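Below is one structure, written out as structure tokens; comments come after it.
In my numbering, the protein residues as written are 154 to 340.
Okay, here's the thing in structure tokens:
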């Protein structure tokens, strides 16, 4: 004789959707950690005229992350490269191009923060002269912009590399705490 399966009454919808408070708390904690560490790249849309052949100025974009050895967070890095065409863009020297980018960045609240030396996120800084690199920052922010411009081989074109870095929200909170602690100790 076949075994009978006992009748299971249908449960009300409110009972089937019920989640225990500990499960809800764990889910909320996981969502918070994911939100704090979510990639958030700093994208600067610096308008540049296309080349005479119609090719856009910015030809490559790459995104990645930079891990800090002494922290439990990362910075999200966006790198874009382009080339200037003297007849179209009017830049004859790296200084001309730097003047253009300086103007665009300072109009948007960025400040020149010196030159770049041996940066992991701007490898060109290891072989270029200091004068061919620039660092920009925003007061009160942990974001940064690195810029390298140099002559392309034996031509009159210039290579342009623009790298932006934005730490995760977790890292911003950590650094803000360190900054506050340092200011309290100095008083």
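Cβ atoms here follow ideal geometry from the backbone N, Cα and C, with glycine treated the same way. Owing to the predicted nature of the structure, the values given are computational and were not obtained by experimental measurement.
Check each candidate in the options and name the one with the smallest Cα separation from residue i.
i, options, result
"residue 321", "226, 263 and 212", "226"
"residue 311", "211, 217 and 276", "211"
"residue 313", "194, 244 and 191", "244"
"residue 329", "262, 292, 270 and 308", "292"
"residue 249", "189, 301, 294 and 191", "301"
"residue 192", "262, 305 and 228", "228"
"residue 264", "299, 221 and 215", "299"
"residue 305", "234, 327, 326 and 297", "234"
"residue 241", "202, 179, 215 and 209", "202"
My output table needs one value for residue i: the three-state DSSP class, helix, strand or coil.
i, result
"residue 283", "helix"
"residue 294", "coil"
"residue 217", "strand"
"residue 235", "strand"
"residue 199", "coil"
"residue 304", "strand"
"residue 269", "coil"
"residue 257", "helix"
"residue 246", "coil"
"residue 206", "coil"
"residue 252", "helix"
Tell me which residues share the same chain as residue i and place their Cβ nearer than 7 Å to its Cβ, disregarding the 5 neighbours each side in the sequence.
i, result
"residue 182", "none"
Give me whichever residues DSSP pairs with residue i in a beta bridge.
i, result
"residue 320", "228"
"residue 264", "290"
"residue 274", "Partner(s): none; residue 274 has no beta bridge."
"residue 241", "Paired residues: none, contrary to the question."
"residue 189", "Answer is none; residue 189 lacks a bridge partner."
"residue 211", "235"
"residue 180", "DSSP output for residue 180 lists no bridge partner at all."
"residue 315", "233 and 300"
Starting from the C-beta of residue i, find all residues in its chain whose C-beta is less than 6 Å away, skip the five residues before and the five after it, and write them out in chain order.
i, result
"residue 253", "none"
"residue 324", "226"
"residue 230", "217, 219, 274 and 318"
"residue 199", "257"
Leaving out five residues before and five after residue i in sequence, what residues of the same chain have Cβ atoms less than 8 Å from its Cβ?
i, result
"residue 303", "247, 277, 281, 285, 311 and 312"
"residue 169", "Bear in mind that the predicted position of residue 169 carries a pLDDT of just 43, short of 50, making it too unreliable to give a figure here."
"residue 283", "268, 269 and 270"
"residue 309", "239 and 245"
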